[in-house]
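Novice:
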Amino acid sequence: DGGITQSPKYLFRKEGQNVTLSCEQNLNHDAMYWYRQDPGQGLRLIYYSQIVNDFQKGDIAEGYSVSREKKESFPLTVTSAQKNPTAFYLCASGTTGGEKLFFGSGTQLSVL
Amino acid sequence: GDSVTQMEGPVTLSEEAFLTINCTYTATGYPSLFWYVQYPGEGLQLLLKATKADDKGSNKGFEATYRKETTSFHLEKGSVQVSDSAVYFCALLKTSYDKVIFGPGTSLSVIP
Numbered sequence: 096d097g098g099i100t101q102s103p104k105y106l107f108r109k110e111g112q113n114v115t116l117s118c119e120q121n122l123n124h125d126a127m128y129w130y131r132q133d134p135g136q137g138l139r140l141i142y143y144s145q146i147v148n149d150f151q152k153g154d155i156a157e158g159y160s161v162s163r164e165k166k167e168s169f170p171l172t173v174t175s176a177q178k179n180p181t182a183f184y185l186c187a188s189g190t191t192g193g194e195k196l197f198f199g200s201g202t203q204l205s206v207l
Numbered sequence: 061g062d063s064v065t066q067m068e069g070p071v072t073l074s075e076e077a078f079l080t081i082n083c084t085y086t087a088t089g090y091p092s093l094f095w096y097v098q099y100p101g102e103g104l105q106l107l108l109k110a111t112k113a114d115d116k117g118s119n120k121g122f123e124a125t126y127r128k129e130t131t132s133f134h135l136e137k138g139s140v141q142v143s144d145s146a147v148y149f150c151a152l153l154k155t156s157y158d159k160v161i162f163g164p165g166t167s168l169s170v171i172p
């Protein structure tokens, strides 16, 4: 089945630690996105990529980093510089143009 | 900048009641408009879309009409079911930069 897979479902970060969230898609989509969702708030764009080896900052990129070495994969690293990382993180993919986004089931990141 | 505003929730309705969730947008030009739905613990799914003025998107009994004169895209359903309980996000896309901008979401609870 085609789809987009995020892992892990739950992740805990210790103070000063970097953690990486995985996002893989087998939909052959060019574009991939990372969103952050806080309780009672909408989705805020962290980073997006429209082609392999290229990505752009979204609205809240500080404290995060990404890579796009393969079309299928778009991992997100939450660095120690992100002082308030507790949130639900959603990865999405779509064809260039964004007419329809497909979302993963999300990763809940919490701080220990 | 471009933005999406939705009515605040949570909205609580009895089964078979009529649903309206208001959505207005601010954007130059002619964006595409979307409604996404998020069930508990899951990612978002596209519910319906409209790409030009006066278009009506529809799916699963939900409808929304693209009103350029009022910059609105209100979501309606004639008779809600318990299974419609979810968070609903209005969103817009401007193809000039291929980013989808989401509203804050409206939580809907339908009680038997």
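So the sequence lines, in the order shown, correspond to chains H and B. Here the first sequence stands for residues 96 to 207, where the numbers follow the numbering used here. Here the second sequence stands for residues 61 to 172, where the numbers follow the numbering used here. Backbone N, C-alpha and C define an ideal beta-carbon position, used for all residues, glycine too.
(1) Taking Cβ positions only, does residue 133 (chain B) come closer than 8 Å to chain H?
(2) With 8 Å set as the bound, which would you pick, yes or no: does the beta-carbon of residue 105 (chain H) sit closer than that to a beta-carbon of chain B?
(3) With a cut-off of 8 Å, do at least 3 Cβ pairs link the region 157-164 of chain H to the region 105-112 of chain H?
(4) Assuming residue 139 (chain H) is part of the beta strand (DSSP E), what are its boundary residues?
(5) How would you write the range of the beta strand (DSSP E) that residue 90 (chain B) sits in, first residue to last?
(6) Can you name, in chain order, every residue of its own chain whose Cβ lies under 7 Å from the Cβ of residue 118 (chain B), other than the five neighbours on each side?
(7) Within 10 angstroms of its Cβ, does residue 143 (chain B) collect 16 or more other Cβ (buried), or is it exposed?
(8) For residue 75 (chain B), which of B:132, B:168, B:85 and B:141 has the nearest alpha-carbon?
(9) Would you call the region 140-149 of chain H and the region 198-206 of chain H in contact, with 3 or more CB pairs under 8 Å?
(10) Using C-beta distances below 6 Å, list every residue in its chain close to residue 92 (chain B), excluding the 5 sequence neighbours before and after it, in chain order.
(11) Determine the contact status of residue 183 (chain H) and residue 132 (chain H), defining contact as a CB-CB distance below 8 Å.
(12) Does the pairing of the region 167-182 of chain H with the region 121-135 of chain H give three or more beta-carbon distances under 8 Å?
(13) Starting from the C-beta of residue 64 (chain B), find all residues in its chain whose C-beta is less than 7 Å away, skip the five residues before and the five after it, and write them out in chain order.
(14) With a 10 Å radius around its C-beta and 16 neighbouring C-beta atoms as the bar for buried, classify residue 166 (chain B) as buried or exposed.
(15) Going by C-alpha to C-alpha distance, which of B:130, B:129, B:136 and B:128 sits closest to residue 122 (chain B)?
(16) Starting from residue 163 (chain B), find everything on chain H with Cβ-Cβ shorter than 8 Å and list it in chain order.
(17) Pull up the DSSP beta-bridge partners for residue 150 (chain H), would you.
(18) Is the CB of residue 111 (chain H) under 8 Å away from at least one CB in chain B?
Specialist: The answer reads as follows:
(1) Not an interface residue.
(2) Judged by the 8 Å Cβ criterion, residue 105 (chain H) is not in contact with chain B.
(3) Touching, no, given that fewer than three Cβ pairs across the two stretches are closer than 8 Å.
(4) Counting along the chain, the beta strand (DSSP E) containing residue 139 (chain H) begins and ends at 138-146.
(5) In this chain, residue 90 (chain B) is not harboured by any beta strand (DSSP E), its DSSP state being neither H nor E.
(6) Answer for residue 118 (chain B): 108, listed in chain order.
(7) Classification for residue 143 (chain B): exposed.
(8) Measuring from the Cα of residue 75 (chain B), the nearest candidate turns out to be B:141.
(9) Between the region 140-149 of chain H and the region 198-206 of chain H there are fewer than three C-beta pairs closer than 8 Å, too few to call the two in contact.
(10) Sequence-distant Cβ neighbours of residue 92 (chain B) in its own chain, meaning closer than 6 Å and more than five residues away, are 111 and 153.
(11) The answer is yes: Cβ separation under 8 Å.
(12) Contact holds: three or more Cβ-Cβ distances are below 8 Å.
(13) 83, 85, 150, 151, 152, 161, 162 and 163.
(14) Per the 10 Å Cβ criterion, buried.
(15) It is B:136 whose Cα lies nearest to the Cα of residue 122 (chain B).
(16) Here the neighbours are 137.
(17) DSSP lists no partner for residue 150 (chain H).
(18) Judged by the 8 Å Cβ criterion, residue 111 (chain H) is not in contact with chain B.
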